[in-house]
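Working notes for the structure below.
As structure tokens, then:
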């Protein structure tokens, strides 16, 4: 029996773990109390890491679809040759953009995907690149690009020292943060309250976070921007602003929010004008305060305005770059400082069918089905998906699933045959998270404390298996070799050298040449992690704008305010749909784990009792939920936790309805896919999907 320290890389919390292993089997998993960031915290998902490792449904070797529609094993050599030949063939015949690439959320949790997965995109050279970013955090990245000069220069609340945490549309009690790596949030909330601080939350559902907050206020989905801008209006009108350092555009912001009064916000949002004024005053007058908005404000029609207004609240009250406010990190491997991550850009090209702008080199995934189904020059004829399930996770998933059937070729890098990969011609499965080394390149950029930690593989790689970076290496080089129009020799040689260096060696080199002057040897000597200290003021040096100034008033945002001003007051009796996440869920791909899915069902449509009564519905009965794009049937559950006029379905359900037949636990779960209702036509100015606030009708099932 042995003990080994590890990490949970299923969510952004990156909690440190302690495994007990006996005869090659995990017998226990507990939080590591010596981890300087997670401090012993653990949630149920971490324990389920062993279930993924042991899952009999997880693919261990490549499989190819037969003409009869079955799956047959194929060797790695043959599989990679087939993938590269087919992809290069499509590009040779129809152009580079005839191949599309979709990157799922798990890529950002994998060291190999971050060091080598991007090279697949470089090898394909297609403008039809899509990812989970445009159904998640794109507004935040665009705002950081416009204001601070880099799409991942995202300030995080200094929760360990703040006196006032103002939260919009986030549920860190369930998520342990998002774009804010904050493991053990429950204990950190208790510590905040113990020092006399408070947490104020605006959300259309009384979430787990709402139940521990000092105050919770219902806000109608999709209208948070009115509340945020009204708070800025109060700050200006009552002389509560602080002249910000390193910033320009204050007067432009003042003029822009002048018409967004608390009274106007109250009429649209359901939040009283008195509450808006009081919270704005208390936020400005607190010793140290931080505003934070997340998934509920990201995935709505005005997500970018919301993200901008949150930044303005922090900046204009003097709470940016100060202890207890919103601060920037200084990770041991600083991808921003080293220039290893693109600063981002916007609208350099547009999608072929709907003319939607790219952001950071990616098009909105809401238009992927259009690009596949619409004939003409540049039509997508082949698709590569990497660790993604867009049929279950993106708008109008049923239409996208139908579109995938029409492709000439599809290859997926994935563990499972799921709702998306069932349409592939070839699936290439990497090793599991417990069979490869790990270092969090991205989430140290977003953590509430500066730390560094390297985790060796818990188990050896099985004979014949491939890590994800090895798959990416061979796939990228294979496509380049077979394509008629190849990159210049110097570029090809540079790419090949990068692809042949392992992620572990890459990490060691980056550590040694970074400002912290660490090494892999040092991190291996401290597997619990090395504490690099609390967040520190770093401006203006951390800014990546040309003039080292914060751009408070980006024109894109100012122009979009006209669209916001035209939002009508909702009719009484209308219903709008929002999603929800649970601590025991991990997007769409952890439902094959019995450990996480047992117990009380959590798939129901949540609705306020008065909305239930108004439709003569009975708690627990089956109802149909209808939107512009689709209809689902699901059980309804009455709860006062829902704001009147708002209903909620969880994300990531509906496995049985998609007829996968290869996820033997997941297919037993009741529930429907919320994304059979979400509308690909509803987008934020950034191109992010607007999941929150989708108009729906609810009626008794026939």
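In our numbering, the protein residues as written are 1069 to 1770. Glycine included, C-beta positions come from ideal geometry on N, C-alpha and C.
On the DSSP bridge assignment, give the partners of residue 1171 in chain order. For the purposes of this step, residue 1171 is taken as residue 103 along the chain shown, with counting starting at 1. Answer is 1199, 1454.
So is residue 1523 in contact with chain D if we call contact Cβ pairs under 8 Å? Absent here is chain D; the protein component of the structure consists of one chain.
Tell me residue 1672's beta-bridge partners as DSSP assigns them. As a first step, residue 1672 must be located in the chain shown, where it is residue number 604. In the DSSP output, where bridge partners are listed per residue, residue 1672 has none listed.
Does DSSP put residue 1216 in a helix, a strand or coil? Here the question's residue 1216 lines up with position 148 in the chain shown. Helix at residue 1216.
According to DSSP, is residue 1078 part of a helix, a strand, or is it coil? Locating residue 1078 in the chain shown gives position 10, counting from the first residue. Here residue 1078 sits in coil by DSSP.
Between the segment 1475 to 1487 and the segment 1507 to 1517, do three or more beta carbon pairs fall short of 8 Å? no
Cross-strand partners of residue 1070 (DSSP beta bridge): Along the chain shown, one-based indexing puts residue 1070 at 2. Answer by DSSP bridge pairing, in chain order: 1089.
Helix, strand or coil: which one does DSSP assign to residue 1503? On the chain shown, residue 1503 is found 435 positions in, with the first residue counted as 1. Of the three classes helix, strand and coil, the one that applies to residue 1503 here is helix, per DSSP.
Can residue 1450 and residue 1154 be called in contact, C-beta distance under 8 Å? Your numbering for residue 1450 matches position 382 in the chain shown. Your numbering for residue 1154 matches position 86 in the chain shown. A contact, by the Cβ cut-off of 8 Å.
Would you check if the segment 1274 to 1292 and the segment 1552 to 1567 touch, i.e. whether three or more CB-CB distances between them fall below 8 Å? no
Sequence-distant residues of its chain with Cβ nearer than 6 Å to residue 1746 (five each side left out): By 1-based counting over the chain shown, the position of residue 1746 is 678. The residues are 1463, 1759, 1762.
Assuming residue 1808 and residue 1390 are in contact, meaning their beta carbons sit under 8 Å apart, how far apart are those beta carbons, in whole angstroms? Because the chain here runs from 1069 to 1770, residue 1808 falls outside it and cannot be looked at.
Please state if the CB of residue 1617 and the CB of residue 1316 are separated by a distance shorter than 8 Å. Counted from its first residue, the chain shown places residue 1316 at position 248. Counted from its first residue, the chain shown places residue 1617 at position 549. In contact: residue 1316 and residue 1617 (Cβ atoms closer than 8 Å).
Ignore the nearest five residues each way along the sequence and tell me which others in residue 1086's own chain have a CB closer than 8 Å to its CB. Translated into the one-based positions of the chain shown, residue 1086 becomes position 18. The answer, listed in chain order, is 1071, 1072, 1073, 1074, 1097, 1098, 1099, 1100.
At a cut of 8 Å, does the segment 1339 to 1357 reach the segment 1292 to 1301 through at least three beta carbon pairs? yes
Kindly confirm or deny that the segment 1722 to 1732 and the segment 1681 to 1690 touch, where touching means at least three C-beta pairs closer than 8 Å. no
If I follow the unbroken alpha helix (DSSP H) through residue 1297, where does it start and stop? Translated into the one-based positions of the chain shown, residue 1297 becomes position 229. That run of the alpha helix (DSSP H) goes 1292 to 1305.
Under 8 Å, do residue 1647 and residue 1716 count as touching if we go by C-beta distance? For the purposes of this step, residue 1647 is taken as the residue at position 579 of the chain shown. For the purposes of this step, residue 1716 is taken as the residue at position 648 of the chain shown. Yes, the Cβ-Cβ distance between residue 1647 and residue 1716 is below 8 Å.
Continuous alpha helix (DSSP H) stretch holding residue 1371: start and end: Translated into the one-based positions of the chain shown, residue 1371 becomes position 303. Its alpha helix (DSSP H) spans residues 1371 to 1384.
So what's residue 1259 in DSSP terms, helix, strand or just coil? Within the chain shown, residue 1259 is the residue found at index 191, counting from 1. Residue 1259 falls in the helix class under three-state DSSP.
Which runs of the beta strand (DSSP E) fall wholly inside the segment 1329 to 1376 and span at least 3 residues, in chain order? 1357 to 1361
With residue 1664 and residue 1113 assumed to form a contact (beta carbons below 8 Å), what rounded beta-carbon distance in angstroms separates them? Along the chain shown, one-based indexing puts residue 1664 at 596. Along the chain shown, one-based indexing puts residue 1113 at 45. Their Cβ separation, rounded to whole angstroms, is 7 Å, which keeps residue 1664 and residue 1113 in contact under 8 Å.
Identify, in the order they occur along the chain, each residue of the same chain with its Cβ nearer than 6 Å to the Cβ of residue 1095, setting aside the five sequence neighbours on each side. Indexing the chain shown from 1 puts residue 1095 at position 27. Result list for residue 1095: 1088, in chain order.
On the criterion of 16 or more Cβ atoms from any shown chain inside 10 Å, does residue 1819 qualify as buried, or is it exposed? Limits of the chain in this structure are 1069 at one end and 1770 at the other, which puts residue 1819 out of reach.
Kindly indicate which three-state DSSP category residue 1742 falls into: helix, strand or coil? Walking along the chain shown from the start, residue 1742 turns up at place 674. It is helical.
Could you check which residue in 1083, 1091, 1104 has the C-alpha nearest to that of residue 1115? If you number the chain shown from 1, residue 1115 lands on position 47. The option with the nearest alpha carbon to residue 1115 is 1083.
Spatial neighbours of residue 1612 in its chain, beta-carbon cut-off 8 Å, leaving aside the 5 residues before and after: The residue labelled residue 1612 in the question sits at position 544 within the chain shown. Result list for residue 1612: 1216, 1217, 1218, 1221, 1404, 1411, in chain order.
Buried or exposed by the 16-neighbour rule on C-beta atoms within 10 Å, applied to residue 1407: Mapped onto the chain shown, residue 1407 falls at position 339. So residue 1407 counts as exposed.
Could you tell me the distance, in whole angstroms, from the CA atom of residue 1119 to the CA atom of residue 1422? Here residue 1119 is taken as the residue at index 51 of the chain shown, counted from 1. Here residue 1422 is taken as the residue at index 354 of the chain shown, counted from 1. So the alpha carbons of these two residues sit roughly 42 Å apart.
Where does residue 1440 fall in DSSP's three states? What you label residue 1440 is simply residue 372 of the chain shown in a count that begins at 1. Correct three-state label for residue 1440: helix.
Bounding residues of the alpha helix (DSSP H) (the contiguous stretch that carries residue 1187): Here the question's residue 1187 lines up with position 119 in the chain shown. Counting along the chain, the alpha helix (DSSP H) containing residue 1187 begins and ends at 1186 to 1192.
Roughly how many whole angstroms lie between the Cα atoms of residue 1531 and residue 1439? To locate residue 1531, count along the chain shown from 1; it is residue 463. To locate residue 1439, count along the chain shown from 1; it is residue 371. The straight-line gap from Cα to Cα measures roughly 40 Å.
Given this structure, state the Cα-to-Cα distance separating residue 1486 from residue 1620, to the nearest angstrom. Numbered from its first residue, the chain shown carries residue 1486 at position 418. Numbered from its first residue, the chain shown carries residue 1620 at position 552. In a straight line, the C-alpha of residue 1486 is about 44 Å away from that of residue 1620.
Taking Cβ to Cβ, would you say residue 1454 is nearer than 8 Å to residue 1179? In the chain shown, residue 1454 corresponds to position 386, counting from 1. In the chain shown, residue 1179 corresponds to position 111, counting from 1. Not a contact, by the Cβ cut-off of 8 Å.
Nearest to residue 1321 by alpha carbon, out of 1280, 1354, 1367, 1379? For this step, residue 1321 is matched to residue 253 along the chain shown. Nearest C-alpha to residue 1321: 1379.
CA nearest to the CA of residue 1419, picked from 1657, 1708, 1484, 1194: By one-based count along the chain shown, residue 1419 stands at place 351. Nearest C-alpha to residue 1419: 1194.
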